[in-house]
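A short worksheet on the structure shown next.
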Amino acid sequence: MNSFDQVYHELCKEVLATGRSKDDRTKTGTLSKFGHQMRFDLSQGFPLLTTKKVSFKLVATELIWFIRGDTNIRYLLQYNNNIWNEWAFKKWVESSEYNGPDMIDFGRRSLTDDAFNQQYQEQLSIFKDRVLHDDDFMLKYGDLGNVYGKQWRHFESGGKVVDQLKEVVDNIKTNPTSRRHIVSAWNPGEIDTMALPPCHTMFQFYVNDGKLSCQLYQRSADIFLGVPFNIASYSLLTHLVAKECGLEIGEFVHTMGDAHIYSNHIEAVETQLTRESFNAPELIIHGDQSLFDLDYEDLEIKNYEAHPAIKAPIAV
């Protein structure tokens, strides 16, 4: 088994074996472990898991969305990236302007009630179309509040606005040995203005021997659905910042607080654990454009072979 899949499988096995039952905000229930760390040597390939297919397009377009400081899902929908839809859709169906069929608890109901799921899909399709083509609707219901992109590029505190990502890149270039290469998405004064408070709360870059490494602290880690994306996303970010700063690639270190498997994901995790891995793929970054001018089309994953994706419900 390749080293990336192996490290992830070890996390899954440990939480299945030793995780404690714990209630959660979504009322789904979890097996939870507090405190876990994984390390990935990015010189050995790109850590896109192979024991289930992970969409690099979704990972990359979401990261570019963060880098651009965007908080509206229109950009994501233009790339058929639907991973943030539920939070924006929830805001619409709970508003006084929504007059369609009842969508309470749509996440779980759509999985067990075929008739409801048809209604849900119809309403979601209407919602996405309006976000894409109705500017007023997009501004009101497509925006998720002060989520990651806002905090990375326009962090506000005490009347000051900081472009954290740009400052960190500039500091890596001018003072690489600093221990202050940190970006925080956790802004206590704006938590209530976010559709979802940041799960991956802060990251730190580290330069040594001409190599750039990154450590992420993730307060809440959805092991089955979220963590594979987080691994790939922050590994991609590390590659992009390394290229921007003229450095070689080092490690991605993933530190988690509440690492959990939702109760309705356990069967899916067990299925994934029966699979053998393929060789890790390779990341190609085309062109010499800045990190801040990057388009999805500038990125390519080569030699990616993976088992089929495994579907599981998202907890909203």
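For the sequence shown, the residue numbers in the working numbering are 1472 to 1787.
Positions of the beta carbon are idealized from the N, C-alpha and C atoms, including for glycine.
Using only the alpha-carbon positions, how far apart do residue i and residue j sit?
i     : j     : result
L1680 : D1766 : Checking the sequence, you will find Asp at residue 1680 rather than Leu. Those two C-alpha atoms are separated by around 30 Å.
T1664 : R1746 : 41 Å
S1859 : I1694 : Residue 1859 is absent from the structure shown; the chain starts at 1472 and stops at 1787.
L1669 : A1656 : Before going on, a small fix: residue 1669 reads as Pro here, not Leu. So the alpha carbons of these two residues sit roughly 6 Å apart.
D1494 : L1482 : 20 Å
I1702 : W1563 : 31 Å
L1520 : Q1549 : 25 Å
Q1675 : D1769 : 25 Å
E1738 : A1783 : 9 Å
Y1546 : G1660 : 26 Å
L1711 : P1518 : 15 Å
W1536 : T1583 : 33 Å
E1593 : G1578 : 14 Å
I1732 : V1486 : 7 Å
N1642 : E1741 : 44 Å
A1751 : K1528 : 17 Å
D1541 : G1620 : 5 Å
C1685 : T1672 : 13 Å
R1651 : R1690 : 20 Å
L1687 : L1708 : 11 Å
T1532 : D1634 : 20 Å
A1586 : I1720 : 50 Å
A1666 : L1615 : 5 Å
S1606 : R1539 : Position check: residue 1606 holds Asp in this sequence, whereas Ser was assumed. One C-alpha to the other measures close to 19 Å.
S1704 : V1698 : 10 Å
G1490 : G1728 : 13 Å
F1700 : S1566 : 30 Å
F1505 : K1484 : 15 Å
K1644 : Q1590 : 52 Å
S1748 : Y1677 : 30 Å
T1499 : S1734 : 7 Å
Mapping the DSSP letters down to three states, classify residue i as helix, strand or coil.
i     : result
G1721 : strand
D1576 : coil
A1692 : strand
V1632 : strand
Y1705 : helix
F1674 : strand
I1597 : helix
K1682 : strand
L1687 : strand
W1563 : helix
S1581 : helix
T1522 : coil
E1747 : coil
A1586 : helix
N1646 : coil
K1782 : coil
D1609 : Correcting the residue type first, residue 1609 is Met in the shown sequence and not Asp. Note: M1609 maps to helix in three-state DSSP.
E1568 : coil
L1765 : coil
N1556 : helix
D1476 : helix
D1641 : helix
G1660 : helix
Q1515 : helix
Return yes when at least one heavy atom of the ligand SAM lies under 7 Å from the C-beta of residue i, else no.
i     : result
N1553 : Summarising the ligand content, the structure contains no ligands, and the ligand SAM is consequently not present.
Using DSSP's beta-bridge definition, name the partner residues of residue i.
i     : result
Q1508 : T1726
G1616 : M1665
Y1733 : T1501
K1773 : E1753
I1653 : Q1675
R1491 : S1503
E1627 : V1632
Please confirm whether residue i has its beta-carbon closer than 8 Å to some beta-carbon of chain C.
i     : result
E1741 : This model lacks chain C altogether, as it is built from one protein chain only.
Quick check: the region 1506-1520 against the region 1720-1740, are at least 3 beta-carbon pairs closer than 8 Å?
yes
Would you call the region 1585-1602 and the region 1551-1560 in contact, with 3 or more CB pairs under 8 Å?
yes
Three CB pairs or more closer than 8 Å across the region 1568-1582 and the region 1624-1631
no
Considering only residues of the region 1525-1550, which uninterrupted alpha helix (DSSP H) runs meet the minimum length of 4 residues and lie entirely inside it, listed in chain order?
1527-1538 and 1545-1549
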